[in-house]
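Below: one structure, written as structure tokens.
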Amino acid sequence: MDCFDIVYKSQGKWINIYGGIETVDDPFEKNVVVTNLNPIPIKAIVSDFTAAKAQWAMPGVNVSQMKEIYVPIKYRTLIESSQKIGIKNSTGVEEYFEGWRESGKMQIREEGNQLRLYVYNKQV
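Residue numbers are given in my numbering: position 71 of the sequence shown equals residue 69, and the series is strictly consecutive.
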């Protein structure tokens, strides 16, 4: 049993991964409409991220709230193709986060058998 397995069982929380289908409404205007699919729950380690750390990790992105998530590497394709991630807060209400995307894939960092990703709420 890996040490991360023990941490997942003791400190992990369930998050919902929302996949989606992108359709182009008008190719000349490049408008894309995203239809979210049913969520897939997985267990992950979730921690809050401070504003100073957020500026260092993702420069140029103004965020109102940011989280750092660790998931097992077996969920790599699911995470890369996801549109948004739902995480329940302390009151039980699900908050929706999105990640840094390049070429339509969520950007992640691979660290051994784990994936680290940063997700955020955009500042309005």
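Even for Gly, the Cβ is constructed at its ideal location relative to N, Cα and C.
> Rounded to the nearest angstrom, how far is the Cβ of residue 37 from that of residue 19, given a contact under 8 Å?
Replying inline: Not quite, the Cβ-Cβ distance comes to about 14 Å (not below 8 Å), so this is no contact.
> Given that a residue counts as buried once 16 or more other Cβ atoms are within 10 Å of its Cβ, and exposed if not, what is residue 28?
Replying inline: exposed
> For the alpha helix (DSSP H) that contains residue 8, what are its first and last residues?
Replying inline: For residue 8, the uninterrupted alpha helix (DSSP H) run begins and ends at 1 to 9, by DSSP.
> Under 8 Å between the Cβ atoms of residue 80 and residue 10?
Replying inline: no
> Going along the chain, which residues of its own chain have a beta-carbon closer than 8 Å to the beta-carbon of residue 30, five neighbours each way excluded?
Replying inline: Non-local C-beta neighbours of residue 30 in its own chain, meaning closer than 8 Å and more than five positions away in sequence, comprise 20, 21, 22 and 23, ordered along the chain.
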